[in-house]
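Notes to accompany the following structure.
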Amino acid sequence: MSTPVRSVLALGSNLGEREGILEQAVADLSAHPLVRLVRSSPIVATKSVGGPADSPDYLNMVIEVETGLEPLALLAHCQDIEQRHDRVRVVRWGPRTLDVDVITYGDTTSEDPVLTLPHPRAAGRAFVLQPWAWMDPHATLGGAPVAGLAAVAADLAGLRRYEQDPRP
Ligand SMILES: Nc1ncnc2c1ncn2[C@@H]1O[C@H](COP(=O)(O)OP(=O)(O)OP(=O)(O)O)[C@@H](O)[C@H]1O
Ligand SMILES: Nc1nc2c(c(=O)[nH]1)N=C(CO)CN2
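Now the structure itself:
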């Protein structure tokens, strides 16, 4: 196994049992023998950014993992978990049961359209940045504090902390 690398993954769901889907996805992602969950953010409820006008609201969260998977293998693992949750792609940015994006993989940068690192749209998305800043107040992205990027992201106004169902 190669030296473990820290990676931030972003999860989103706006169809079905969204909270349960996110919880199961975190468990599924970290069930891989080469993926260890380091920490996870609170869940946030967010207005859909882009996509069809009538898109339902999302639940979003981020997690930090430590992984021995190479970047493309980590992406494939994320896509495998999306498929397991019946993800179907119909229209770009359309509703989905589960979306898992690779936001960062260590300090790796890549322009490859198959896996662009850091994720090319993350720096402008409060639905990624704000839960990330709550999870890790010292996080940076491209040299900038994540909390500062979140504070100026256009979609911040449509974001609130989600009140999770109390555990039985
Ligand atoms: N950092 C990344 N994380 C996830 N997918 C990526 C990344 N960089 C490039 N991609 C590519 O983007 C393709 C489309 O991904 P996906 O369907 O999740 O996009 P989306 O969630 O609809 O939109 P967005 O990329 O804006 O979040 C994937 O097949 C993947 O190869
Ligand atoms: N609020 C919100 N909006 C989105 C999201 C998302 O996860 N949350 N994902 C998108 C494509 O990845 C497009 N728009």
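With the numbering used here applied, the sequence shown corresponds to residues 22 to 189, in that order. For each residue, glycine too, the CB sits at the ideal point set by N, CA and C. A quick note: this is a predicted structure, and the numbers were derived from the prediction, not measured.
Asked	Found
Contact test: Thr129 Cβ vs ligand 1 heavy atom, cutoff 7 Å	no
Residues of its chain near Val70, where Cβ-Cβ distance is below 6 Å and the 5 sequence neighbours each way are ignored	Asp176
Gly72 - DSSP class collapsed to helix/strand/coil	coil
Segment limits, beta strand (DSSP E) that includes Arg27	Val26 to Ser34
Closest residue to Arg182 among Val149, Pro139 and Ile102 (Cα-Cα distance)	Val149
Nearest-angstrom Cα separation, counted from Glu87 out to Thr24	10 Å
Inter-residue Cα distance where the pair is Ser76 and Pro158	30 Å
Beta-carbon gap between Ile84 and Leu58 smaller than 8 Å	yes
Ala178 versus Ala165: straight-line alpha-carbon distance, rounded	21 Å
Residues sharing a beta bridge with Met156, DSSP	Partner(s): none; Met156 has no beta bridge.
Cβ-heavy atom distance, Tyr79 to ligand 2, below 7 Å	yes
Whole-Å CB distance - Glu132 paired with Val121, under 8 Å assumed	Not confirmed; about 21 Å, so no contact.
Identity of the residues DSSP links to Leu162 by a beta bridge	Ala165
Limits of the unbroken alpha helix (DSSP H) element including Glu21	Since the displayed the chain opens at 22 and closes at 189, residue 21 lies outside it and no answer follows.
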